[in-house]
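K.L.:
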Amino acid sequence: MFWLIAAILLSFGFGQMWKVSQHRGLSAPAVISTNYLTIAACLLAYFWWSDTLTFSRPVLLVGGSTGLSFIISLLVMTHALKRASVGVVLTSFRLSILVPIVFGILVWGESASALQYLGIVLALASLALMTKVPAGHQSAGPLLLIVVVFVLQGIAHCCMRWIHYADLDPLRMHVLCITALTGGGLGALFVAVRGAKPGAGELKMGLGIGLFNLVALGTSFTALSLYQGTLFFPLNGSAVVVLDNLFAHYVWREPISRTGLIGVILGVLSMVLIFQ
460 MFWLIAAILL SFGFGQMWKV SQHRGLSAPA VISTNYLTIA ACLLAYFWWS DTLTFSRPVL
520 LVGGSTGLSF IISLLVMTHA LKRASVGVVL TSFRLSILVP IVFGILVWGE SASALQYLGI
580 VLALASLALM TKVPAGHQSA GPLLLIVVVF VLQGIAHCCM RWIHYADLDP LRMHVLCITA
640 LTGGGLGALF VAVRGAKPGA GELKMGLGIG LFNLVALGTS FTALSLYQGT LFFPLNGSAV
700 VVLDNLFAHY VWREPISRTG LIGVILGVLS MVLIFQ
């Protein structure tokens, strides 16, 4: 229970830090890359200090695949946010938790009770409602791009769950190190190819987010080692968006629509059912 709650709160905190970065108009690719390189540098230093700086082939495979999926998914999403409605992109991004849930049931043999399945359905409905924007402000945008965001983020979630089924739970921080090194390296290469030069703002924000994200991802990996994906993904996804909406309303003073409020109520109900 502790690790689930901690993962939810830290994921929420990461989202708020990312929102601050966007409000400051910082370059997303530069912040993302610095974030991952910070995580990698911290873990490499710790492994060197503790004399555990070795990486097995499975760690390299799973970590490299996860890092690749992470950076591609985030870069495509930031591109999609410029081409399509924010609400449509975020809905696709949030609903991607369906991919690891279905994959976990069909491939890894995960299961859930009837009430938990109902909770998963309600969680998906609440995510759609809470990320919906008013009809006059949204456009579908390139449909293929929206589908790609859904699929890529779903693959990233599956890679996170793969750590457990690859029997790498005891080495999850080593996997995280390779994940961050891969994501940060490829992200930095992307920034360099574009000819962009990260400023002090991007570097400072990326450093801060990276230190926070080190704890957040480490906690999520630990929670996934203890709980099935059919419980973790819908519970975490729904809870984080509920907190996002409430925080936006009461702290950022952003109005919440009737549809969003219904989504919050469904999200709370879904969490009760999923945690049966």
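Using this note's numbering, the first residue of the sequence shown is number 460, and each one after it goes up by one.
Built from N, CA and C at the ideal position, the CB exists for glycine as well.
Fair warning: this is a prediction, and the values are worked out from it, not measured in the lab.
1. Nearest to G664 by alpha carbon, out of S585, K478 and M460?
2. Would I637 pass as a contact of F514 if the rule is Cβ separation under 9 Å?
3. So the alpha helix (DSSP H) F691 belongs to, where does it begin and stop?
4. Can you tell which of R631, L683 and L502 has the C-alpha that lies nearest to the C-alpha of P559?
5. If we require 4 or more residues per run, which alpha helix (DSSP H) segments fall completely within the stretch 482–567?
6. May I have the straight-line CA-CA distance separating F461 from F734, to the nearest angstrom?
7. Measuring straight from C-alpha to C-alpha, what distance separates Y576 and V561?
8. What whole-angstrom Cβ distance do G578 and P693 have, given they're in contact under 8 Å?
9. For T638, which three-state DSSP category applies?
10. Residues in its own chain within less than 7 Å of V490 by CB, not counting five upstream and five downstream?
11. Starting from the C-beta of G722, find all residues in its chain whose C-beta is less than 7 Å away, skip the five residues before and the five after it, and write them out in chain order.
12. Can you give the Cα-Cα distance for T525 and A615, rounded to whole angstroms?
13. Quick one, are the C-beta atoms of S509 and V650 less than 9 Å apart?
14. Rounded to whole angstroms, how far is the Cβ of G522 from the Cβ of V634, which I believe are closer than 8 Å?
15. Give me the Cβ distance between A647 and L527, rounded to the nearest whole Å; I'm assuming they're in contact under 8 Å.
16. Helix or strand or just coil, what does DSSP make of P657?
17. Let me confirm a value: L549 is counted as buried when at least 16 other C-beta atoms fall within 10 Å, else exposed. Which label applies?
P.N.:
According to the data block:
1. Within the sequence shown, residue 664 is the residue found at index 205, counting from 1. Checking the displayed sequence, the identity of residue 664 turns out to be Met instead of Gly. That would be K478, whose Cα lies nearest to the Cα of M664.
2. For the purposes of this step, residue 637 is taken as the residue at position 178 of the sequence shown. For the purposes of this step, residue 514 is taken as the residue at position 55 of the sequence shown. For I637 and F514, yes; Cβs fall inside 9 Å.
3. The residue given as residue 691 occupies position 232 in the sequence shown. Run containing F691: G688 to Y709, per the alpha helix (DSSP H) assignment.
4. Taking the first residue of the sequence shown as 1, we reach residue 559 at position 100. For the residues R631, L683 and L502, the minimum Cα distance to P559 belongs to L683.
5. Taken in chain order, the complete alpha helix (DSSP H) segments of 4 residues or longer contained in the stretch 482–567 are 487–508, 516–542, 545–554 and 557–565.
6. Along the sequence shown, read from residue 1 onward, the residue named residue 461 stands at position 2. Along the sequence shown, read from residue 1 onward, the residue named residue 734 stands at position 275. In a straight line, the C-alpha of F461 is about 13 Å away from that of F734.
7. Here residue 576 is taken as the residue at index 117 of the sequence shown, counted from 1. Here residue 561 is taken as the residue at index 102 of the sequence shown, counted from 1. Going from the Cα of Y576 to the Cα of V561 covers about 11 Å.
8. The residue labelled residue 578 in the question sits at position 119 within the sequence shown. The residue labelled residue 693 in the question sits at position 234 within the sequence shown. Taking C-beta atoms under 8 Å as the contact rule, G578 and P693 qualify, at a distance of about 7 Å.
9. In the sequence shown, residue 638 corresponds to position 179, counting from 1. In the three-state reduction of the DSSP assignment, T638 falls in the helix class, which pools H, G and I.
10. For the purposes of this step, residue 490 is identified with residue 31 of the sequence shown, where counting begins at 1. Cβ-Cβ distances below 7 Å link V490 to S480, E661, M664, G665 and I668 in the same chain, with the five nearest sequence neighbours on each side left out; the list follows chain order.
11. For the purposes of this step, residue 722 is taken as residue 263 along the sequence shown, with counting starting at 1. S585, L588 and M589, listed in sequence order.
12. In the sequence shown, counting from the first residue as 1, residue 525 sits at position 66. In the sequence shown, counting from the first residue as 1, residue 615 sits at position 156. Using only the alpha carbons, I get a separation of about 6 Å.
13. Working through the sequence shown from its first residue, we reach residue 509 at position 50. Working through the sequence shown from its first residue, we reach residue 650 at position 191. S509 is not a Cβ neighbour of V650, given a cutoff of 9 Å.
14. For the purposes of this step, residue 522 is taken as the residue at position 63 of the sequence shown. For the purposes of this step, residue 634 is taken as the residue at position 175 of the sequence shown. Contact holds; Cβ gap of about 4 Å.
15. Stepping through the sequence shown from its first residue, residue 647 is reached at position 188. Stepping through the sequence shown from its first residue, residue 527 is reached at position 68. The Cβ separation is near 14 Å, so there is no contact.
16. Within the sequence shown, residue 657 is the residue found at index 198, counting from 1. Three-state result, P657: coil.
17. Locating residue 549 in the sequence shown gives position 90, where the first residue counts as 1. By the neighbour-count rule (16 or more Cβ atoms within 10 Å), L549 is buried.
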